[in-house]
Amino acid sequence: MRRLYFLLPNLETTRNVVHELLLNHVEERHIHVVARKGVPLGDLPEAGMSESSDFIPAAERGMLAGAATAAVAGLVMAAIPATAVVVGGAEVVLLTLTGAGFGAWVSSMIGLSFDSSRLERFHEAVEAGQLLMLVDVPKRRVDEIEELVRSHHNDVDIKGTEPLMPNFP
């Protein structure tokens, strides 16, 4: 999946683009709209916490840090013969997985409290009243969707594509 970014001038244009995307078989769950606080989006698909916060990147970093820390701790415990706890390979793996889970959980909770670093470059435009639309499409449809929007809406600013999107809903 690829994430496309569009800056739209107003709610009417945004509704029109969403309608066209739906008619062209882009599922509503793959369309996310970000607006300035206080702007009523009505029936437009509003961006959720995973799109508007640093939840996912923070969870990824936390999982890596937690796994690495726990793996090192497990290996140190296994290497020290005077340790009261006997640690073998299975325990090191279990400790690593537990550390990864704990790290992901703690970091994701922290990430929820921060705005998305991926959307930071659009902050000024959104605060000025424009709407940001994020559309997740398969790689093979990127050019098709950009051309669809470009051909019907000259006032929409196509801001590019994020190359790597995780494949979960």
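Counting in this note's numbering, the sequence shown runs from 858 upward without gaps. Glycine included, each C-beta is placed from N, C-alpha and C at the ideal position.
Can you tell me whether residue i is helix, strand or coil according to DSSP?
i: H889; result: strand
i: I937; result: coil
i: G919; result: helix
i: G931; result: helix
i: M906; result: helix
i: K894; result: coil
i: L864; result: strand
i: E884; result: coil
Residue j and residue i - do their beta-carbons sit closer together than 9 Å?
i: A892; j: L989; result: yes
i: A924; j: G968; result: no
i: M920; j: S964; result: yes
Let's test the definition: count the other Cβ atoms within 10 Å of the Cβ of residue i and tell me whether it reaches 16, buried, or not, exposed.
i: G895; result: exposed
i: P1026; result: Because the pLDDT of P1026 is 44, which lies under 50, any placement of that residue in the model is unreliable, and the number read from its coordinates should be weighed accordingly. It counts as exposed.
i: R860; result: buried
i: S973; result: buried
i: H876; result: exposed
i: N1024; result: Confidence at N1024 is low in this model, with a pLDDT of 49, below 50, so its placement is unreliable and no value can be given for it.
What residue does the alpha helix (DSSP H) around residue i start on, and which one ends it?
i: M966; result: G946 to G968
i: E869; result: L868 to L880
Under 8 Å: does the beta carbon of residue i sit that close to some heavy atom of the ligand NAP?
i: V896; result: The ligand NAP is not among the ligands present in this structure, which contains no ligands whatsoever.
With distances taken from CA atoms, which of the options is nearest residue i?
i: F959; options: A936, A928, P938 and A935; result: A928
i: G946; options: L954, A939 and A935; result: A935
i: A915; options: M966, P866, L954 and V1013; result: M966
i: F971; options: S909, R998 and R1007; result: S909
Would you kindly report the start and end of the unbroken beta strand (DSSP E) that includes residue i?
i: V992; result: L988 to V994
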